[in-house]
Structures are given as structure tokens and as C-alpha cells.
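Participant: First residue of the sequence shown: 16, per the numbering used here; consecutive thereafter.
Yeah, the Cβ is synthetic: ideal placement off N, Cα and C, and Gly gets one too.
Since we're looking at a predicted model, the values are computed, not measured.
Before anything else, here's the structure in question.
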Amino acid sequence: MADREVLEKLSGSESRRAEAEAVVERVWRKFIVAGLIGARYAIPAADVREIVIEAPIHYVPFVPPYVRGFVNRHGEPYTAVDLNVLFR
Numbered sequence: 016m017a018d019r020e021v022l023e024k025l026s027g028s029e030s031r032r033a034e035a036e037a038v039v040e041r042v043w044r045k046f047i048v049a050g051l052i053g054a055r056y057a058i059p060a061a062d063v064r065e066i067v068i069e070a071p072i073h074y075v076p077f078v079p080p081y082v083r084g085f086v087n088r089h090g091e092p093y094t095a096v097d098l099n100v101l102f103r
């Protein structure tokens, strides 16, 4: 094989590799990991609006056992659900 042929093959493989690297794009996603009934679950961070650590839960009578009550967040009521009760 002549030097010219070797150089052409090398330059061709480098250009193919550069094209492949340009096509491959790394996509980084963030997840929130939560524990539930002894198992861990990963929730895409894009699906989470807000994490509330300590908010008073207002009890409501005559609701299913998995509904803990309501939480007032910025003037809007949200249902507080106990996932441990719901998934057992």
C-alpha cells in the first residue's frame, strides 16, 4: 500500500469519526430520588414544580384513607396524598 493510500484511509476514518461525534449529543437529565415503602424511585426533575418540606396539612373529614388533607400553597388548595397508604 502506498503512503498516499494510507493517508487517504486515515483522513477518511478521522472525518467519519468527527461526523459521528457531531451526531452523538449528550443529554443530561436531572432526577429527584424519593423513597417509598422501602424502594427508591427516580422522578424527572422537569415534572416537579415544588418540593414542600414543612407545610401544615388541614384535615378534611369523609375522604379516603390515602388523602391526608389539604395544603394551602400560595392561596391555592392542594390535596395531600399519602402514597404509602395508597400503594399498600
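#1: Is it a yes or a no for the stretch 53-64 touching the stretch 76-85, going by three-plus beta-carbon pairs under 8 Å?
#2: Per DSSP, which one or two residues make a beta bridge with V48?
#3: With distance defined between alpha-carbon atoms, name the residue in R88, V82 and Y81 nearest to I66.
#4: Using CA coordinates, which residue listed in G50, V42, R103 and D97 is at the minimum distance from I72?
#5: Could you pull the start and end residues of the alpha helix (DSSP H) that V78 belongs to?
Facilitator: Let me lay it out:
#1: no
#2: For the purposes of this step, residue 48 is identified with residue 33 of the sequence shown, where counting begins at 1. Beta-bridge pairing links V48 to A57.
#3: Indexing the sequence shown from 1 puts residue 66 at position 51. I66 has its Cα closest to that of R88, out of R88, V82 and Y81.
#4: Translated into the one-based positions of the sequence shown, residue 72 becomes position 57. Among G50, V42, R103 and D97, the Cα nearest to that of I72 belongs to D97.
#5: Taking the sequence shown and counting its residues from 1, one reaches residue 78 at position 63. Element bounds for V78: n/a, residue is neither H nor E.
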